[in-house]
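Take any residue in the sequence shown, count from 1 to its spot, add 181: that is its number in the working numbering.
All C-beta atoms in this analysis are idealised placements derived from N, C-alpha and C, irrespective of residue type, glycine included.
Just so it is clear, the structure is predicted and the values come from calculations on it, not from any experiment.
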Amino acid sequence: MHKFITVLLFLFSSIAAMPQSSRSSTDKDMRWMSLEEVEKAANESARPVLIDLYTDWCGWCKVMDKRTYKNEKVVSYLKDKFYSAKINAESKAPFVWGGRSFAFNPQYKTNDFALFLTNGQLSYPTTVIIPAPGEAPQAIPGFLAPNDFELIVKYFGEGAYKKIPFPDYQKSFKGSW
């Protein structure tokens, strides 16, 4: 019996330790990739990158996870149009992006990658969109409900950002989420 329990504990801990992108999920679940997977995919096939910048203590981050990233229309659209990663801004693990390495910054108690993505304007949650490889990150701070989120992701996902200023796009946008 003791061996059986040990084997079960080992199996459950192995599953829990797997990266999210390796876990099986249903079509309704958000598919989060690792940062390395996102960068590689974006360089191979042009799609914008979406990074959900969060912290463990952020209440609005948890609300956004439950309301926005569980919304079927959001999930479907992001899977179709974006490469998406979820990054803990306070991670002590280094991140590599665009050939640069970003380490934990004890002065700010955050990872320098979060500072890079937000241009030093930390706020949580922050949705960061990198329209194409080599382009500057576009940080959108704060909680975004699905209908607010739709406007932003469609602006980048449909390529409108290349043709029209955001205020003009916003005036003519008709949301459906």
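Rounded to the nearest whole angstrom, the CA to CA distance from G240 to Y342 is 31 Å. Of the candidates S357, R281, A223 and A274, S357 places its Cα closest to the Cα of F330. With a 10 Å radius around the Cβ and a threshold of 16 neighbouring Cβ atoms, K254 comes out exposed. Leaving aside the five residues that flank M245 on each side, the residues in its chain whose CB is nearer than 6 Å to its CB run, in chain order, P306 and F324. For D233, the enclosing beta strand (DSSP E) begins and ends at V230 to Y235. Excluding its 5 nearest sequence neighbours in each direction, K260 has C-beta neighbours in its own chain below 7 Å: R212, listed in chain order. Between the C-alpha atoms of A320 and P346 there is a straight-line separation of about 16 Å.
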